[in-house]
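Asker: Protein sequences, first through last, are from chains F and Y.
Residues in the first sequence are numbered consecutively from 126, following the numbering used here.
Residues in the second sequence are numbered consecutively from 126, following the numbering used here.
Where is the CB? At the ideal position from N, CA and C, for every residue including glycine.
Protein chains: 2
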Amino acid sequence: MRTEDDFFADLFRRLPAFPAAVVIPPGDDCAAITWGENRLLLLAVDQVVGDRHYVSRGDQATPPRLAGRKLLARNLSDIAAMGGTPTLCLLAGAFAKDRDEAWLREFYDGIIALAAEYGVSMVGGDFAATPHDDVASLTILGEVAADQVIRRSGARPGDQLFATGCFGDSFASQHHLLFTPRCAEGQWLAQRHLARAMMDVSDGLLRDAARICAASHVGLTLDLDAVPRRGRATLEQACGDGEDFELIFAVPPERVPSLTTGWPFADTPLTRLGEFTAAAGLWDPAGRPLAVAGWDHFAF
Amino acid sequence: MRTEDDFFADLFRRLPAFPAAVVIPPGDDCAAITWGENRLLLLAVDQVVGDRHYVSRGDQATPPRLAGRKLLARNLSDIAAMGGTPTLCLLAGAFAKDRDEAWLREFYDGIIALAAEYGVSMVGGDFAATPHDDVASLTILGEVAADQVIRRSGARPGDQLFATGCFGDSFASQHHLLFTPRCAEGQWLAQRHLARAMMDVSDGLLRDAARICAASHVGLTLDLDAVPRRGRATLEQACGDGEDFELIFAVPPERVPSLTTGWPFADTPLTRLGEFTAAAGLWDPAGRPLAVAGWDHFAF
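(1) Which residues, in chain order, does the region 129 to 146 of chain Y contribute to contact with chain F at a C-beta distance below 9 Å?
(2) Where does Y:A411 land, buried or exposed, given buried means 16+ other C-beta within 10 angstroms?
(3) From the DSSP output, in three-state form, read off Y:R177 for me.
(4) Quick one, which of Y:A391, Y:R321, Y:A320, Y:L303 has its alpha-carbon nearest Y:R190's?
(5) For Y:M323, which residues in chain F fall below 9 Å Cβ to Cβ?
(6) With 9 Å as the limit, tell me which residues of the region 239 to 259 of chain F have their beta carbon closer than that to any beta carbon of chain Y; keep them in chain order.
(7) Closest Cβ-Cβ distance between Y:Y179 and chain F: below 9 Å?
(8) Give a yes or no on whether the C-beta atoms belonging to Y:P141 and F:V326 are separated by under 9 Å.
(9) Verify whether the separation of the beta carbon atoms of F:A322 and F:A340 is less than 9 Å.
(10) Do you know whose CA, among Y:D203, Y:R397, Y:L266, lies nearest Y:E368's CA?
(11) Closer than 6 Å by C-beta to F:I236: which residues in its own chain qualify, once you throw out the five before and the five after it? Chain order, please.
(12) Taking the alpha helix (DSSP H) that F:D154 falls in, what are its first and last residues?
(13) Are the C-beta of Y:S262 and some C-beta of chain F separated by less than 9 Å?
(14) What does Y:D176 touch in chain F if you count any residue whose Cβ is under 8 Å from its own?
(15) Over the uninterrupted alpha helix (DSSP H) stretch that includes F:L216, give me the two end residues.
(16) Enumerate in chain order the residues of its own chain whose CB-to-CB distance from Y:E70 is below 6 Å, with the five nearest sequence positions on each side excluded.
(17) In angstroms, rounded to a whole number, what distance separates the CA positions of Y:A240 and F:F133?
(18) When DSSP labels each residue in this structure, what does F:D171 get in the three-state scheme?
(19) Going by DSSP in three states, Y:A142 sits in which element: helix, strand or coil?
(20) Quick one: grab the DSSP three-state call for F:R190.
(21) Give the secondary structure of Y:A240 by DSSP, where H, G and I count as helix, E and B as strand, and everything else as coil.
(22) With a threshold of 9 Å between beta carbons, is F:W160 in contact with chain Y?
(23) Using only alpha-carbon positions, find the residue among Y:H318, Y:D333, Y:W408, Y:L229 that is nearest to Y:G344.
(24) Identify the residues that DSSP records as bridge partners of Y:S246: which are they?
(25) For Y:D446, which residues in chain F fall below 8 Å Cβ to Cβ?
(26) Could you work out which residues of chain Y lie near F:A156, taking near to mean beta carbons separated by less than 7 Å?
(27) By the three-class DSSP mapping on this structure, what secondary structure does F:T385 have?
(28) If we count the other Cβ atoms within 10 Å of its Cβ and call it buried at 16 or more, is Y:H422 buried or exposed?
(29) For a cutoff of 9 Å on Cβ pairs, would you count F:I204 as touching chain Y?
(30) Please give me, in chain order, every unbroken run of the beta strand (DSSP E) with length at least 3 that falls completely inside the region 354 to 416 of chain Y.
(31) Leaving out the 5 sequence neighbours to the left and right, which residues in its chain are closer than 8 Å to F:G311 when beta-carbon positions are compared?
(32) For F:E268, which of Y:D135, Y:L347, Y:W160, Y:S383 has the nearest alpha-carbon?
(33) F:G329: which of F:P256, F:H301, F:R307, F:A315 sits nearest, CA to CA?
(34) Could you tell me the alpha carbon to alpha carbon distance between Y:D348 and Y:G399, rounded to whole angstroms?
(35) Residues of chain Y with CB under 7 Å from F:L168, in chain order?
(36) For a cutoff of 9 Å on Cβ pairs, would you count Y:F423 as touching chain F?
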């Protein structure tokens with residue numbers, strides 16, 4: 126079976142051409158369409174699947190409030206990765222038919238509480254029952270100034286790779302349920318034009334760093350010793366686990382001092398992880414190629 | 126268990142207030158937000174669940190192309206119900222892990238073919254595997270002139286209820302897979318200001334007619350003998366089956382001649398079904414109350 130990236134690349138080749146209003150086509154964390162003078166409307170969709178993105182039943186079952194929270198948080202992270210502000214969402218929930226009203230109410234309340242915190246309104250929903258387990262998907266809308274939006278494709282050789290937060294061990298530590306979407310950090314970077322490329326890490330640090338490289342037609346020397354690890358995470362886990370929902374971004378070298386001295390987020394670690402290169406591929410500081418292992422949405 | 130309507134009414138009460146840009150909040154076929162001068166952006170989400178909206182496996186399995194087609198068609202029908210033009214969509218698919226690439230490709234091709242026909246671009250997607258069966262949701266975007274949009278809430282006593290197409294027997298006849306979303310008809314009605322209220326019939330004619338009445342604070346005398354039935358549908362099936370995806374709409378009495386003489390859709394039946402009344406409730410022509418049975422998305 127091919128990967129999700131391959132499948133979607135093939136799919137989008139078969140689709141009709143995009144209208145002119147689509148200024149950022151699929152392939153970034155969000156698509157974007159024109160939205161008045163110098164504004165873009167950001168669009169993305171993400172989902173949670175029972176026993177895949179949370180534990181569905183049994184003693185270790187994820188509290189439904191946290192499962193719902195995760196669904197919105199994943200989407201907020203996609204808006205953050207473009208430097209945007211989330212505004213609206215639509216939710217399609219298909220829930221196991223034996224979920225009772227208390228469970229459902231908690232699931233939705235997990236979404237509602239985070240939506241209130243981030244100023245997101247829910248403008249649509251659909252609700253169905255399934256014979257087996259839950260699948261819930263959420264479409265997020267956001268906005269960003271057209272001259273501030275940060276794509277994956279802007280990194281240039283010599284740019285420095287920075288990251289927010291820590292990596293690895295997301296499942297065991299419950300970080301994947303409790304993480305704080307980096308919207309404030311993304312907006313701060315966008316408004317100051319401090320990042321030329323950005324994305325959020327959902328499928329593993331190396332895999333997602335490789336996606337910035339591919340989109341930007343550059344390579345990357347990654348300083349593995351610098352990767353900040355969550356709790357007891359090994360380096361391999363920090364590089365490959367995924368579900369970190371941290372931002373990684375390319376900073377022009379002359380902007381690094383403004384970034385590091387101005388960073389106002391005392392609770393959000395900021396770490397330099399490497400340098401983009403003209404030569405394609407991911408490399409360690411000794412010039413050896415890094416194998417990219419990640420967590421593919423599709424091929425599990 | 127409460128109905129989907131009840132659950133969502135309660136949900137939306139717990140959500141933060143809507144920003145000013147949300148000019149049509151959830152509760153109609155689409156929500157709408159402002160979109161430049163006299164334009165609205167329409168938003169809706171709908172889903173298909175394996176063995177609920179199509180037959181998932183076995184000799185009678187629905188061809189995946191038709192399952193995919195249905196997912197987009199349901200959403201196009203929601204745009205049609207507002208008098209809008211569909212423009213963009215985002216798709217979240219969670220598919221049974223044993224679906225092979227040929228199945229998946231066919232499912233997506235069913236969407237793509239209909240998207241091309243209706244001029245819809247796909248601007249986002251997510252893709253996951255499930256242990257059991259498929260759930261796929263699609264968010265549709267569309268546009269409509271602000272002074273042409275047709276909501277559920279505009280019907281007035283004396284308005285005539287009209288419908289496109291026929292009702293009942295949608296599953297056995299495969300209409301639920303093959304129907305033509307009434308976008309052209311909805312736009313034609315909207316551009317000529319011929320309908321004061323409109324929705325599409327997905328949950329059963331009586332149930333959905335009752336929703337127009339509730340939103341408009343009116344009642345309805347329904348001429349049951351006039352309900353056009355599909356194939357061998359009984360009157361009960363025509364009134365209650367659902368999945369008809371036809372438009373029902375309220376026409377001011379003085380506009381009825383323009384509607385009936387101007388209707389340009391030779392292949393789309395147009396039928397007068399009744400008259401809205403000041404007295405709440407659904408009534409037969411003899412003044413007896415009609416019991417509203419429908420097909421609830423949730424309580425199956």
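Answerer: In terms of the structure at hand:
(1) Flagged, chain order: E129, F132, F133, D135, L136, F137, R139, L140, P141, A142, F143, P144, A146.
(2) Around the C-beta of Y:A411, fewer than 16 other C-beta atoms lie within 10 Å, and the residue is accordingly described as exposed.
(3) coil
(4) Y:R190 has its Cα closest to that of Y:L303, out of Y:A391, Y:R321, Y:A320, Y:L303.
(5) Per Cβ cutoff of 9 Å: no residues; Y:M323 is ~17 Å from chain F at best.
(6) Listed in sequence order: A240, A241, G244, V245, S246, M247, V248, G249, G250, D251, F252, A253, A254, T255, P256, H257, D258, D259.
(7) no
(8) no
(9) yes
(10) The candidate whose alpha carbon is nearest that of Y:E368 is Y:D203.
(11) G193, L197
(12) It is not in any alpha helix (DSSP H) - F:D154 carries neither H nor E in the DSSP assignment.
(13) yes
(14) Against chain F, a Cβ distance below 8 Å from Y:D176 picks out P256.
(15) Premise fails: F:L216 lies in the beta strand (DSSP E), 210 to 221, not in any alpha helix (DSSP H).
(16) For residue 70 of chain Y there is no data in the structure shown, the boundaries of chain Y being 126 and 425.
(17) 16 Å
(18) strand
(19) Coil.
(20) helix
(21) helix
(22) yes
(23) Among Y:H318, Y:D333, Y:W408, Y:L229, the Cα nearest to that of Y:G344 is on Y:W408.
(24) Y:L213
(25) Nothing can be reported for residue 446 of chain Y: it is not among the residues displayed for chain Y, which extend from 126 to 425.
(26) V248, G249
(27) helix
(28) Only weak support exists for where Y:H422 lies, its pLDDT of 36 falling under 50; the value from the coordinates is given anyway. So Y:H422 counts as buried.
(29) For F:I204, the closest Cβ of chain Y is not nearer than 9 Å.
(30) 372 to 376, 395 to 402, 406 to 408
(31) I204, A205, A206, M207, G208, G209, I275, M323, L372
(32) Y:W160
(33) Shortest Cα-Cα distance from F:G329 to any of F:P256, F:H301, F:R307, F:A315 involves F:H301.
(34) Rounded to whole angstroms, Y:D348 to Y:G399 spans 5 Å at the Cα level.
(35) L215, V248, G249
(36) For Y:F423, the predicted model reports a pLDDT of 31, less than 50, meaning its position is unreliable; a value from the coordinates is still stated below. Taking Cβ atoms only, chain F reaches closer than 9 Å to Y:F423, which makes this a yes.
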